[in-house]
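Report on one structure; see the data block that follows.
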Amino acid sequence: MVAPKPQIRSMFATPVCVHYLPVAQEFNAELRPLILDRQQKEPLHTGPAQNGSHQGWRSSPDLESWGGSQIQTLFRVAREQADNLTANRNGSRVVLDWKVQAWAAVRSKGEYLERNARPGWYWSGIYYVDDGYNKQDDEALGGEAELADPRGVLPAMLAPQYGFRVPNGLTAGQVELIRPQTGMIILHPSWLPRGEHRFDGAGQRVTIEFDLTLP
Numbered sequence: 063m064v065a066p067k068p069q070i071r072s073m074f075a076t077p078v079c080v081h082y083l084p085v086a087q088e089f090n091a092e093l094r095p096l097i098l099d100r101q102q103k104e105p106l107h108t109g110p111a112q113n114g115s116h117q118g119w120r121s122s123p124d125l126e127s128w129g130g131s132q133i134q135t136l137f138r139v140a141r142e143q144a145d146n147l148t149a150n151r152n153g154s155r156v157v158l159d160w161k162v163q164a165w166a167a168v169r170s171k172g173e174y175l176e177r178n179a180r181p182g183w184y185w186s187g188i189y190y191v192d193d194g195y196n197k198q199d200d201e202a203l204g205g206e207a208e209l210a211d212p213r214g215v216l217p218a219m220l221a222p223q224y225g226f227r228v229p230n231g232l233t234a235g236q237v238e239l240i241r242p243q244t245g246m247i248i249l250h251p252s253w254l255p256r257g258e259h260r261f262d263g264a265g266q267r268v269t270i271e272f273d274l275t276l277p
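Numbering (this note's numbering), first residue to last: 63 to 277.
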């Protein structure tokens, strides 16, 4: 009798959605100057996602009140993606009335975003109004979004030189990187720490960062 092949299962998956706003060009043309104008008028706001002097400008979390009617387009897409990635425990899809909190952020050359999780929220994400690369592909410009293994360093403590030979298993105990692009949305569970490497692009990185939770 031939022994069956071992079954390799990836358990306790962590979903990360990378999506693009369908109307990004029109959306960004209206929102980018609005955010930069707001930056000049509003003092630096600090909070759980920003507590250092080199993490750029961050508005208060009331973007919905001053972001114009277009911001509802982004919220609608974020809510739809949250519905698509959320299920009852029996696996059936849900349609939920997600509450959204959002703020704008601007980072310039030499700035970064420290990794942090978002306690009290279910999904969190970031939208890139302007990636700041000015269409340059040089990896030395940095600024990659980084998502840390929620298990921390535990999988790498015993033998950090080894990983797992399964999809996405080589970064166990480390971080996964995503290079931002203008128009990109990254959505992930709020308990998954997200940050950004030091940004050395010539332009300004303009983002909208948001959290979603159940009402």
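Cβ coordinates follow ideal geometry from the N, Cα and C atoms, glycine included.
C-alpha of Val228 to C-alpha of Ser72: approximately 8 Å in a straight line. Annotated as distal: Gly187 and Gly194, with beta-carbon spacing of 9 Å or more. In the DSSP assignment, the residues bridged to Asp192 are Val268. Judged by DSSP in its simplified three-state form, Gln243 adopts coil rather than helix or strand. Thr135 carries a helical assignment under DSSP once its states are collapsed to helix, strand and coil. Between Tyr174 and Leu274, the C-beta gap is not smaller than 9 Å, which leaves the two residues out of contact. According to DSSP, residue pairing for Glu238 in a beta bridge involves Leu209.
When DSSP states are grouped into helix, strand and coil, Asp124 belongs to the coil group. Its chain contains Tyr174, Gly204 as the residues whose beta carbon lies nearer than 6 Å to that of Arg260, once the 5 sequence neighbours on both sides are disregarded; these appear in chain order. Following the DSSP letters along the chain, one finds Arg94 inside the alpha helix (DSSP H) bounded by residues 86-103. Cβ-Cβ distances below 6 Å link Ala210 to Arg177, Val237, Pro255 in the same chain, with the five nearest sequence neighbours on each side left out; the list follows chain order. Considering only Tyr189, Trp119, Pro222, the residue with the shortest C-alpha distance to Arg138 is Tyr189.
Out of Ile70, His81, Ala144, Thr148, the CA that lies nearest to the CA of Arg241 is found in His81.
Of the residues assessed, Leu83 falls on the buried side of the cut-off, its CB having 16 or more other CB atoms within 10 angstroms. A check of alpha carbon separations from Arg155 across Ala166, Lys161, Glu142, Trp165 identifies Glu142 as the nearest. Annotation for Asn150: Val156 place their beta carbon closer than 7 Å to its own, counting only its chain and skipping 5 residues before and after. Annotation: the continuous beta strand (DSSP E) that includes Asn178 extends over 173-178.
Restricting attention to Val168, Arg180, Gln69, Asp99, the CA atom closest to the CA of Phe272 is found in Arg180. Under the DSSP assignment, Ala167 falls in the beta strand (DSSP E) whose first and last residues are 161-169. Contact annotation: the stretch 113-132 does not touch the stretch 216-232, with fewer than three C-beta pairs closer than 8 Å. The closest CA to that of Trp160, considering only Val168, Ala166, Gln134, is found on Gln134. For Arg260, the three-state secondary structure derived from DSSP is strand.
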